[in-house]
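Please read the structure below before turning to the comments.
Protein chains: 2
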Amino acid sequence: MPDPQSLRARKQPRQARAELTRQRILAAAAHVFAEHGYAAGTTNRIAEQARISIGSLYQYYPNKDAILLELVARHLDAGAVSLKARQNGDQPESLEAIMRAFVRAVIDNHLDDPRLLQVMAEQTPRAPELIERITRSEQDQVDFTRDLLARHPEVHVTDIDTAARLVVSTEQLVHQLVAAPRALDARRLEDELVAMLTRYLTAAPAPD
Amino acid sequence: MPDPQSLRARKQPRQARAELTRQRILAAAAHVFAEHGYAAGTTNRIAEQARISIGSLYQYYPNKDAILLELVARHLDAGAVSLKARQNGDQPESLEAIMRAFVRAVIDNHLDDPRLLQVMAEQTPRAPELIERITRSEQDQVDFTRDLLARHPEVHVTDIDTAARLVVSTEQLVHQLVAAPRALDARRLEDELVAMLTRYLTAAPAPD
DNA sequence: GTCTATATCTAGATAGAC
DNA sequence: GTCTATCTAGATATAGAC
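So the sequences go chain by chain: A and B. Under this note's numbering, think of the first position of the first sequence as 1, with each following residue one higher. Under this note's numbering, think of the first position of the second sequence as 1, with each following residue one higher.
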C-alpha cells in the first residue's frame with residue numbers, strides 16, 4: 001500500500017515539469033510565429049525550437065491554433081490588467097493623465113514583441129473562438145472607456161459612443177506604428193497620441 | 001501573304017477577350033477572398049467562381065499571390081487617385097475641409113468591400129513585392145501630408161513628422177471600424193474622425 | 001512521456017489531350 | 001485556349017516503439 005505522501009510528492013514534480021514544458025512550447029511558438037509568420041510557423045518548427053519532438057508537442061496542445069489562442073489570450077489578459085490597474089485610482093485625474101496612462105499601457109504591451117503582435121493581429125485566421133475572445137475583450141474596453149468619458153467633467157464630445165470606440169481603436173494605431181519597418185519613436189508616438197486624444201475629447205463644444 | 005488588316009482585326013478581339021477573362025478572374029478572386037479569407041481562398045475556388053477551369057486560370061496568372069497582388073495594387077491606386085484629386089485644388093481651404101475630404105475618401109474606398117480589404121490587410125502573407133508596393137504608397141501619403149501640414153497656417157503641432165504619420169495611419173482605424181462585426185455608422189465615424197484630427201492639428205500651442 | 005516514422009490531407013501547380 | 005487528370009510538396013496530426 002503506497003504512502004499517500006509519496007504519491008503527492010511524485011505528482012507535484014510531474015505537474016510542475018509539465019507546466020514548464022507548456023511554457024517552453026509557448027515561448028517557442030511566440031518566437032517562431034514572430035519570426036516566420038502564421039502559415040510558415042509550423043508545428044514542426046515550434047517543436048524544434050522548443051527542443052522537443054513533434055509528438056510531444058501534441059501531448060500538450062491538441063493543435064496549432066490552440067497554441068496561438070493561448071498566446072493571444074495572454075496578450076489580452078496583459079492588456080486587461082493594465083486597464084484594471086487604472087480602474088482603482090478613483091481620485092479625479094486630469095483627462096490628459098488618464099489618456100497618457102492608457103496610451104502608455106498600450107505601447108508597453110506592444111513594445112514587448114511587436115512582430116508577434118503583428119502576426120497575431122494580422123495573419124491569424126479568425127477562428128470563432130478567437131473572435132469571441134477578442135470581441136469580448138474589446139467590448140470590455142469600450143464599455144469601460146464610455147463610462148469614463150461620460151463621467152469625466154473635461155469631456156466635451158458630441159457622440160460619446162463613437163468617441164469611446166475611437167479611443168479604444170487607437171490600439172490599432174499603436175500596433176501598426178510600433179511594428180512598422182521604420183517604427184516611430186515610442187516616446188514621440190505617446191506624446192502625439194495623448195495630444196490627439198486629449199484635444200479631441202476636451203474641445204469646447206461649438207457655439208450655435 | 002496575309003492581310004495586315006485582318007491580322008489586326010483578329011488580334012484585337014483576342015486581347016479584348018483575354019482582358020475580359022482577367023477581369024473575371026479578379027472579380028472572382030475578390031469575391032472568394034472576401035468570403036473565405038486568404039488561406040481558404042484557393043485557386044480552385046477562384047477558378048470555379050470565375051467559371052473557368054483551374055488550368056485556364058494559370059494561363060492568366062502565374063500563381064495565387066500574383067492575383068492578390070493585383071487586387072491590392074488596385075486598392076492602393078484608388079486611394080492614390082483620391083489623393084491626387086485633392087492635390088489640384090490650390091486655393092486655401094480650411095483644415096477641417098481638407099481633413100473631411102481625406103477621411104471621406106478613405107471611408108469610401110473601404111465601404112466598397114470591407115471584408116476584402118480586411119483580408120488583404122490582415123491575412124495576406126507579406127511577400128516582399130507586396131511590402132514594397134504598400135510601403136511606397138504609404139510613404140507617398142506621409143510625404144504629401146507632411147508638406148500639407150507644414151504649409152497650412154492653421155496647423156499647430158509640436159512634432160510634424162509624427163503628426164503626418166498619425167494622420168495617415170488613421171486609415172487603419174477606418175479599416176478596422178468599418179470592417180468590424182458591428183460596424184460604426186460611416187457618417188458618425190467621419191464626423192468624429194474629422195473632429196479628432198482637426199482639433200489635434202489646430203490646437204493652440206501651449207503657452208510657456 | 002518522449003520519440004521516430006508515417007499516414008492523411010489538401011493546396012498549388014503542371015501535363016497533355018482536345 | 002480550355003479542359004481534365006494528376007503530380008508534388010509540405011503541413012497537420014497520429015501510431016506505436018521504447
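By construction, the Cβ of each residue, glycine as well, lies at the ideal position given by its N, Cα and C atoms.
Would a check of beta-carbon distances place residue i closer than 7 Å to chain B?
i                      : result
residue 99 of chain A  : no
residue 203 of chain A : yes
residue 118 of chain A : no
residue 95 of chain A  : no
residue 188 of chain A : yes
residue 199 of chain A : yes
residue 173 of chain A : yes
residue 196 of chain A : yes
Could you tell me whether any Cβ in chain A is nearer than 7 Å to the Cβ of residue i?
i                      : result
residue 139 of chain B : no
residue 56 of chain B  : no
residue 92 of chain B  : no
residue 169 of chain B : yes
residue 104 of chain B : no
residue 177 of chain B : yes
residue 192 of chain B : yes
residue 21 of chain B  : no
residue 166 of chain B : yes
residue 4 of chain B   : No answer about residue 4 of chain B holds up, because its pLDDT of 45 lies below 50 and its placement is not dependable.
Can you tell me whether residue i is buried or exposed? The criterion is at least 16 other CB atoms within 10 Å of its CB, across all chains shown.
i                      : result
residue 56 of chain A  : exposed
residue 169 of chain A : buried
residue 20 of chain B  : exposed
residue 198 of chain A : buried
residue 175 of chain A : buried
residue 158 of chain B : exposed
residue 124 of chain A : buried
residue 192 of chain A : buried
residue 165 of chain A : buried
residue 131 of chain A : exposed
residue 15 of chain A  : exposed
residue 5 of chain A   : Caution applies to residue 5 of chain A, whose pLDDT of 44 falls short of 50 and renders its modelled position unreliable; the model cannot decide the point.
residue 100 of chain B : buried
residue 3 of chain B   : Confidence in residue 3 of chain B is poor, its pLDDT being 44 and thus under 50, which makes the residue's placement unreliable; the coordinate value appears in the next sentence. Exposed: under 16 other Cβ atoms inside 10 Å.
residue 58 of chain A  : exposed
residue 244 of chain B : Given a span of 1 to 208 for chain B in the structure shown, any question on residue 244 of chain B remains unanswerable.
residue 63 of chain B  : exposed
residue 156 of chain A : exposed
residue 54 of chain A  : exposed
residue 141 of chain A : buried
residue 135 of chain B : exposed
residue 150 of chain B : exposed
residue 111 of chain A : exposed
residue 106 of chain A : buried
residue 28 of chain A  : buried
residue 81 of chain B  : exposed
residue 23 of chain B  : exposed
Can you tell me whether residue i sits near the ligand ADP, meaning its C-beta is under 6 Å from at least one heavy atom of the ligand?
i                     : result
residue 48 of chain A : Only the bare structure without any ligand can be found here, which leaves the ligand ADP out of the picture.
Selection of the stretch 28-52 of chain A by Cβ proximity to chain B, strictly under 9 Å: 37, 38, 39, 40
Near-chain A residues of the stretch 142-159 of chain B (beta-carbon distance less than 7 Å), N- to C-terminal order: 159
Entirely enclosed alpha helix (DSSP H) segments - the stretch 176-202 of chain A, minimum 4 residues: 186-202
Residues, ordered as in the chain, of the stretch 59-77 of chain B that lie near chain A by beta-carbon distance below 9 Å: Residues: none.
Segments of 4+ residues assigned as alpha helix (DSSP H) that fall wholly inside the stretch 127-157 of chain A: 128-151
Alpha helix (DSSP H) runs contained entirely in the stretch 60-122 of chain A, provided each spans 4 or more residues: 64-88, 95-111, 114-122
Residues within the stretch 119-137 of chain B neighbouring chain A, beta-carbon criterion of under 9 Å: Within the stretch 119-137 of chain B, the residues whose Cβ lies closer than 9 Å to some Cβ of chain A are 121, 122, 123, 124, 125, 126, 131, 135, listed in chain order.
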